[in-house]
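>
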Amino acid sequence: MTVQSSPTTFADRHIGARRQSDIDTMLKAVGYDTLDGLVDSAVPDSIRQDKPLTLESALSEVEVLAELRKLARKNKTAVQMIGQGYYDTVTPPVIRRNILEAPAWYTAYTPYQPEISQGRLEALLNFQTMVQDLTALPVANASLLDEATAVAEAVLLMRRANKNKTAKDGKTVLDADLLPQTIAIVLGRAEALGFEVEIADLTHGLPDGDINGLVLQQPGVSGRVWDQSAVIAEAKDRGALVTVAADLLALTLITPPGEQGADIAVGSTQRFGVPLFFGGPHAAYMAVRDGMERTLPGRIVGVSKDNAGVPAYRLALQTREQHIRREKATSNICTAQALLAIVSSFYAVYHGPDGLKAIAETVHNNARALAATLQIAGRELVSDTFFDTITVRVPGKAAKVITAAEARGINLRLIDADTVGVSVDETTTPEVLSAVVVAFGAGPVVPAEGFELPEPVLRTSTYLQHPVFNTHRSETQLLRYIRRLSDRDLALDRTMIPLGSCTMKLNATAEMEAISWPEFASIHPFAPDSQTAGWRELISGLESDLAEITGYDQVSIQPNAGSQGELAGLLAIRGYHHSRGEAQRNVCLIPASAHGTNAASAVLAGMKVVVVATAADGTIDHTDLQAKIEAHKDVLSAIMITYPSTHGVYDSDVREVCDAIHAAGGQVYVDGANLNALVGLAQPGKFGGDVSHLNLHKTFCIPHGGGGPGVGPVAAKAHLAPFMPGDANNASSENAAAGHGAAISASRFGSAGVLPISWAYVKLMGGQGLTEATKSALLAANYVAARLDEHFPVLYTGTSGLVAHECILDLRDLTARTGVTAEDVAKRLIDFGFHAPTLSFPVAGTLMVEPTESEDLAEIDRFIEAMITIRKEIDQVAAGDFPVENSPLRNAPHTAAAVVSSDWNRSYPREQAAFPVASLRQDKYFPPVGRIDGAAGDRNLVCSCPPLSEFEVSTSSTNGLEG
Numbered sequence: 001m002t003v004q005s006s007p008t009t010f011a012d013r014h015i016g017a018r019r020q021s022d023i024d025t026m027l028k029a030v031g032y033d034t035l036d037g038l039v040d041s042a043v044p045d046s047i048r049q050d051k052p053l054t055l056e057s058a059l060s061e062v063e064v065l066a067e068l069r070k071l072a073r074k075n076k077t078a079v080q081m082i083g084q085g086y087y088d089t090v091t092p093p094v095i096r097r098n099i100l101e102a103p104a105w106y107t108a109y110t111p112y113q114p115e116i117s118q119g120r121l122e123a124l125l126n127f128q129t130m131v132q133d134l135t136a137l138p139v140a141n142a143s144l145l146d147e148a149t150a151v152a153e154a155v156l157l158m159r160r161a162n163k164n165k166t167a168k169d170g171k172t173v174l175d176a177d178l179l180p181q182t183i184a185i186v187l188g189r190a191e192a193l194g195f196e197v198e199i200a201d202l203t204h205g206l207p208d209g210d211i212n213g214l215v216l217q218q219p220g221v222s223g224r225v226w227d228q229s230a231v232i233a234e235a236k237d238r239g240a241l242v243t244v245a246a247d248l249l250a251l252t253l254i255t256p257p258g259e260q261g262a263d264i265a266v267g268s269t270q271r272f273g274v275p276l277f278f279g280g281p282h283a284a285y286m287a288v289r290d291g292m293e294r295t296l297p298g299r300i301v302g303v304s305k306d307n308a309g310v311p312a313y314r315l316a317l318q319t320r321e322q323h324i325r326r327e328k329a330t331s332n333i334c335t336a337q338a339l340l341a342i343v344s345s346f347y348a349v350y351h352g353p354d355g356l357k358a359i360a361e362t363v364h365n366n367a368r369a370l371a372a373t374l375q376i377a378g379r380e381l382v383s384d385t386f387f388d389t390i391t392v393r394v395p396g397k398a399a400k401v402i403t404a405a406e407a408r409g410i411n412l413r414l415i416d417a418d419t420v421g422v423s424v425d426e427t428t429t430p431e432v433l434s435a436v437v438v439a440f441g442a443g444p445v446v447p448a449e450g451f452e453l454p455e456p457v458l459r460t461s462t463y464l465q466h467p468v469f470n471t472h473r474s475e476t477q478l479l480r481y482i483r484r485l486s487d488r489d490l491a492l493d494r495t496m497i498p499l500g501s502c503t504m505k506l507n508a509t510a511e512m513e514a515i516s517w518p519e520f521a522s523i524h525p526f527a528p529d530s531q532t533a534g535w536r537e538l539i540s541g542l543e544s545d546l547a548e549i550t551g552y553d554q555v556s557i558q559p560n561a562g563s564q565g566e567l568a569g570l571l572a573i574r575g576y577h578h579s580r581g582e583a584q585r586n587v588c589l590i591p592a593s594a595h596g597t598n599a600a601s602a603v604l605a606g607m608k609v610v611v612v613a614t615a616a617d618g619t620i621d622h623t624d625l626q627a628k629i630e631a632h633k634d635v636l637s638a639i640m641i642t643y644p645s646t647h648g649v650y651d652s653d654v655r656e657v658c659d660a661i662h663a664a665g666g667q668v669y670v671d672g673a674n675l676n677a678l679v680g681l682a683q684p685g686k687f688g689g690d691v692s693h694l695n696l697h698k699t700f701c702i703p704h705g706g707g708g709p710g711v712g713p714v715a716a717k718a719h720l721a722p723f724m725p726g727d728a729n730n731a732s733s734e735n736a737a738a739g740h741g742a743a744i745s746a747s748r749f750g751s752a753g754v755l756p757i758s759w760a761y762v763k764l765m766g767g768q769g770l771t772e773a774t775k776s777a778l779l780a781a782n783y784v785a786a787r788l789d790e791h792f793p794v795l796y797t798g799t800s801g802l803v804a805h806e807c808i809l810d811l812r813d814l815t816a817r818t819g820v821t822a823e824d825v826a827k828r829l830i831d832f833g834f835h836a837p838t839l840s841f842p843v844a845g846t847l848m849v850e851p852t853e854s855e856d857l858a859e860i861d862r863f864i865e866a867m868i869t870i871r872k873e874i875d876q877v878a879a880g881d882f883p884v885e886n887s888p889l890r891n892a893p894h895t896a897a898a899v900v901s902s903d904w905n906r907s908y909p910r911e912q913a914a915f916p917v918a919s920l921r922q923d924k925y926f927p928p929v930g931r932i933d934g935a936a937g938d939r940n941l942v943c944s945c946p947p948l949s950e951f952e953v954s955t956s957s958t959n960g961l962e963g
């Protein structure tokens, strides 16, 4: 009799420890006979859901891709000339295939361990240099979320940086020619924080009154390009700071903001090789003048040196990061759009300054030809100075023009009944121009004559002169440069990344495949609904599935980061209280152990943060909680709790906490960062939550990309539904100002371009597979905790002695006895080929480990072997075999150059340094640099590509530093 094997499901591929023998081995170590028995002990009965998830049955990879093809065919691709901050672009295939679609880049984590992140840090330094050069401002960050929210960040930066006594508390003035979605976002933020915003037509000069900050657009949404130096000078004379939202491609031809006197420049880098993606993800940028770098939101990549004096990259000024500053935060930005920033930086590397200028000149000349043709035909132009966008008056005929263009496969911008906008980009062809003029009832297209940019706005300064932007002209060179950088990094394609709270698990290739299909990637966010049926069906289906998973009534996919989902949820709570006449409710209780962005988001939502103490066992201190509730019961707005807790434990008192807050008139915000420990087992919307944000880049498999993209949907109960995020492109200023449905990100569906990943994951797993993944994550974490507890005590466990999906290893006693720190262990793990666990969060001196469900037993055991070996080295320090200062722990990580050095004088052998376990002899990763001196980099901030002579190393050296 032939035994037929059962077919392999996707869940079998996604879950690492799938063989029963492996499961039994892990269960035995934990002390349980069955996985269900373990889950029943770990997860409190009081929160367990009473029925399985009612999702569709799991599909195979072939079936999911077929369904995605059906959805894609429901979208209609067109020539996108709507503009309004979004442009079609050509992603060079070498960049698309080897960065956007390459797991060496998209599975990397935020570069908190810089020694194993030198490749992506160099690419981000190139991004900063690109922005600094093009804006003519000396300091740039490593990306923000989108242009509209970047402007909002700039407005807040001006409000805190302006020290002029009369202007400090003045209003913020927005140029009426700003992108409409930008105006909507700023109005929403301003309403929550209580400052005045005035929208003004600056062709008539600045408005009266005290002005804190001024925001200009260059070119304007109308397309107008003008010399802004006079209005900037006038604003500064009146004590205001000035921000310019600028198009980077236009800045290759026109005078940059820094040279016109601006303090801040912001904008989008989308048209530098990043697809439209139906609105995102796209990397925004921010650059500032000298003196503002320490208040700049987001991350800055800087240059320091390692312990051998070799130049090395790192995140600079990390103590100013918002999740560290907590309630003192001035922004809730945590991660941003690293992967897309890297794509944009490589686009600049690919084209170089001459290539970018040639693209800009072609775009401008095509716009000139279009303008000349329409003018000959008697059409009136709103402005005769422009870069790529012309606004045309066609009284009473705008809809007719739009329809005629759409019939020819072209989308134009309908501004009002009398006005049409047309934006040219690098993909615009002569055939497209001919079709556009026919839609206007004009033609044929005439040569580009007239409409030259006036001399006062012409750029005369150089840019992108660093060799990195002038070397990689052939595809061979660029391909090798990309490979060289990726080889310096450790990403999920090479090793387990056991980061607690960050959930680095499989981002399956089938899930990723659809994001670059033209039917998804080439859709403008403001395309007519008739062209986006497939996108909207996918999004509504994903929102429905997420509502079922979480137990909430409604989900909005708009927030384009976890931090933005937090803000959306808190603004919904705020709107709810205001609608009930309880605007005084503005206190947000936050446990001391909570994610730092919780406090930062509460501040941005206009709330006052009150910290609740943590008890000795890691739970909320109920005595302190009751005292805080009593003290603030009349003004209590909400509590923000993370569940399972940030300590990696299922607290059994969560319903009690929720009930106490509700009894006092408050709302419960359940941070969904750890939702991957609940899916299929418990639903926050059913055990007391009123609203949650979810991290699709954690639980639902969107890859981290080296620090973004992320998606942070907000899920809420029905009573909060009216206050969920609105559409910035169609939001009335009245609604935005009232805080009802205020937009959270620039486009209606946020970073829609990566939603096919999570949609596919849910369909591939089905309800049963998702539940099995949760159970497997619990098993993996408890297996690690059980195996390592005798070597590194587990700090917190639940009432059953179990952890949830992660565990905290306590090194504080070892540090007190030996001097070996948690950071020493983190750096030593690099020598074993591992990314470190989360360092010193949420408890200083500890490591938080999360293996996830995707790691198989062999890889988990490899990590456990590394940790036990490191413990033996700590014991060697304790025994006096070598002092901690000259130990393999303090000198870690060890580069190849250090190990082969002829002057080895350390107290331990080279073999222990390089090959602490035998398996490394077959597969060894050597970091490109040794331990980096962070303090030196902060004291001497360098955040752009220095001249190569400053590196004192050649590009052919072991380190190969090029940027």
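The sequence shown finishes on residue 963 if you use the UniProt record's numbering, and the numbering steps up by one all the way, no holes. Every residue, glycine too, gets a C-beta built ideally from N, C-alpha and C.
Pull up the distance between the alpha-carbon of L571 and that of G726, whole angstroms please.
Translated into positions along the sequence shown, residue 571 becomes position 571. Translated into positions along the sequence shown, residue 726 becomes position 726. Roughly 12 Å between the two C-alpha positions.
> Excluding the five sequence neighbours on either side, which residues of its own chain have a C-beta within less than 6 Å of the C-beta of Q626, listed in chain order?
Sequence index remark: in the sequence shown, residue 626 carries index 626 (1-based). If we look at Q626 and ignore the five residues flanking it on each side, it has no Cβ neighbours.
> Could you give the distance in angstroms between the alpha-carbon of A738 and the alpha-carbon of E406?
The count along the sequence shown starts at 1 and reaches residue 738 at position 738. The count along the sequence shown starts at 1 and reaches residue 406 at position 406. Caution is warranted here: a pLDDT of 45 is assigned to A738, below 50, making its placement in the model unreliable, and the coordinate value is therefore given only provisionally. For A738 and E406, the distance between alpha carbons rounds to 36 Å.
> In angstroms, rounded to a whole number, what distance separates the CA positions of I523 and V94?
On the sequence shown, residue 523 is found 523 positions in, with the first residue counted as 1. On the sequence shown, residue 94 is found 94 positions in, with the first residue counted as 1. Going from the Cα of I523 to the Cα of V94 covers about 22 Å.
> Could you name the residues that DSSP lists as bridge partners for A773?
Your numbering for residue 773 matches position 773 in the sequence shown. The partner list for A773 (beta bridge, DSSP) is empty, contrary to what the question assumes.
> Quick one: using the 10 Å Cβ neighbour count with 16 as the cut-off for buried, is N695 buried or exposed?
The count along the sequence shown starts at 1 and reaches residue 695 at position 695. N695 should be labelled buried.
> Quickly, what does DSSP pair E198 with across the bridge? List them, please.
Locating residue 198 in the sequence shown gives position 198, where the first residue counts as 1. Looking at the DSSP assignment, E198 forms a beta bridge with V173.
> Determine, using beta carbons only, whether A878 and P916 come nearer to each other than 9 Å.
Within the sequence shown, residue 878 is the residue found at index 878, counting from 1. Within the sequence shown, residue 916 is the residue found at index 916, counting from 1. Contact: no.
> Just the Cα atoms here: how many angstroms apart are A11 and S854?
Against the sequence shown, residue 11 aligns to sequence position 11. Against the sequence shown, residue 854 aligns to sequence position 854. In a straight line, the C-alpha of A11 is about 10 Å away from that of S854.
> Reducing DSSP to helix, strand and coil, say where S544 ends up.
Your numbering for residue 544 matches position 544 in the sequence shown. Looking at S544 - three-state DSSP - the assignment turns out to be helix.
> Quick one: what does DSSP say E630 is sitting in, helix, strand or coil?
The residue you call residue 630 lines up with position 630 of the sequence shown. Helix, per DSSP.
> My output table needs one value for N959: the three-state DSSP class, helix, strand or coil.
What you label residue 959 is simply residue 959 of the sequence shown in a count that begins at 1. For N959, the predicted structure reports a pLDDT of 32, less than 50, and the residue's modelled location is therefore unreliable. A value from the coordinates is still provided. In this structure, N959 counts as coil in the three-state DSSP scheme.
> For F926, which residues in the same chain have their Cβ closer than 7 Å to its Cβ, ignoring the five residues on either side in sequence?
To locate residue 926, count along the sequence shown from 1; it is residue 926. Within the same chain, F926 has close Cβ partners T895 and A896.
> Could you pull the start and end residues of the alpha helix (DSSP H) that D133 belongs to?
Position 133 of the sequence shown holds residue 133. D133 -> alpha helix (DSSP H) spans Q118 to T135.
> Taking contact to mean at least 3 C-beta pairs separated by less than 8 Å, is the stretch 636-650 in contact with the stretch 666-683?
Enough Cβ pairs lie closer than 8 Å, so yes.
> By the three-class DSSP mapping on this structure, what secondary structure does G680 have?
For this step, residue 680 is matched to residue 680 along the sequence shown. Here G680 sits in coil by DSSP.
> For V555, collect the residues of the same chain with a Cβ closer than 6 Å to its Cβ; drop the 5 residues on either side in sequence, then sort them by chain order.
By one-based count along the sequence shown, residue 555 stands at place 555. These residues qualify, in order along the chain: E543, L546, A547, P713 and A715.
> Going by C-alpha distance, which of I932, C945, S944 and V215 is nearest K305?
Reading the sequence shown from its first residue, position 305 is the one you call residue 305. Looking at the Cα atoms, I932 is the closest of the given residues.
> According to the Cβ coordinates, are F440 and V394 closer than 9 Å?
Start at 1 with the first residue of the sequence shown, and residue 440 comes out as number 440. Start at 1 with the first residue of the sequence shown, and residue 394 comes out as number 394. Contact flag set, yes.
> Kindly identify the DSSP beta-bridge partner or partners of A638.
Along the sequence shown, read from residue 1 onward, the residue named residue 638 stands at position 638. Paired residues: C588 and Q667.
> To the nearest angstrom, report how far apart A230 and H282 are at their CA atoms.
On the sequence shown, position 230 is the one that residue 230 refers to. On the sequence shown, position 282 is the one that residue 282 refers to. Each residue's Cα considered, the two are about 32 Å apart.
> Report back the beta-carbon spacing between E198 and L764 to the nearest angstrom; my notes put them in contact at under 8 Å.
Along the sequence shown, read from residue 1 onward, the residue named residue 198 stands at position 198. Along the sequence shown, read from residue 1 onward, the residue named residue 764 stands at position 764. Going by Cβ atoms, the distance from E198 to L764 rounds to 50 Å, so no, they are not a contact pair.
> State the Cα-Cα distance for the pair G833 and H791, rounded to the nearest angstrom.
The residue given as residue 833 occupies position 833 in the sequence shown. The residue given as residue 791 occupies position 791 in the sequence shown. Cα to Cα, the separation comes out at about 20 Å.
> Which residues mark the beginning and the end of the alpha helix (DSSP H) in which K400 is found?
By 1-based counting over the sequence shown, the position of residue 400 is 400. That run of the alpha helix (DSSP H) goes A398 to A407.
> Would the stretch 905-919 and the stretch 261-273 be scored as touching if the rule is three or more Cβ pairs under 8 Å?
Flag = no, the stretch 905-919 and the stretch 261-273 do not touch.
> Just reading off the alpha helix (DSSP H) that Q375 is part of, what are its end residues?
Counted from its first residue, the sequence shown places residue 375 at position 375. Here the alpha helix (DSSP H) through Q375 covers A338 to I376.
> Would you mind giving the Cβ-Cβ distance between C807 and V825, rounded to the nearest angstrom? I have them listed as a contact below 8 Å.
Mapped onto the sequence shown, residue 807 falls at position 807. Mapped onto the sequence shown, residue 825 falls at position 825. Between V825 and C807 the Cβ distance is about 15 Å, and since that is not below 8 Å, they are no contact.
> Where DSSP assigns a beta bridge to Y313, which residues make up the other side?
Along the sequence shown, read from residue 1 onward, the residue named residue 313 stands at position 313. Looking at the DSSP assignment, Y313 forms a beta bridge with V303.
> State yes or no: is the C-beta of G606 nearer than 8 Å to some heavy atom of the ligand COA?
The model depicted lacks the ligand COA and carries no ligand whatsoever.
> Apply the 10 Å Cβ neighbour rule to Q20 and answer buried if 16 or more other Cβ atoms are within range, or exposed otherwise.
Within the sequence shown, residue 20 is the residue found at index 20, counting from 1. The residue in question, Q20, is exposed, as its Cβ has fewer than 16 Cβ neighbours within 10 Å.
> Got a sec? Which residues, its chain only, sit under 6 Å from G680 by beta carbon, not counting five neighbours each side?
Numbered from its first residue, the sequence shown carries residue 680 at position 680. Result list for G680: L53, L770, T771 and T774, in chain order.
> For a test of the three-state rule: what should DSSP assign to C658, helix, strand or coil?
Counting from one through the sequence shown, the residue named residue 658 turns up at place 658. Note: C658 maps to helix in three-state DSSP.
> Could you pull the start and end residues of the alpha helix (DSSP H) that S434 belongs to?
As a working mapping, residue 434 is identified with position 434 in the sequence shown. From DSSP, the alpha helix (DSSP H) with S434 extends over P430 to A439.
> N735 to A742, Cα distance in whole Å?
The residue you call residue 735 lines up with position 735 of the sequence shown. The residue you call residue 742 lines up with position 742 of the sequence shown. Below a pLDDT of 50, predicted positions are generally treated as unreliable, and N735, at 47, falls in that range; no measurement from the model is reported.
> The beta strand (DSSP E) that contains G421, what's its start and end?
Residue mapping note: residue 421 aligns to position 421 of the sequence shown, counting from 1. Taken as a continuous stretch (DSSP letters only), the beta strand (DSSP E) holding G421 covers T419 to S423.
> Can you have a look at H204 and say buried or exposed, based on whether 16 or more other CB atoms are within 10 angstroms of its CB?
One-based indexing of the sequence shown puts residue 204 at position 204. Label assigned to H204: exposed.
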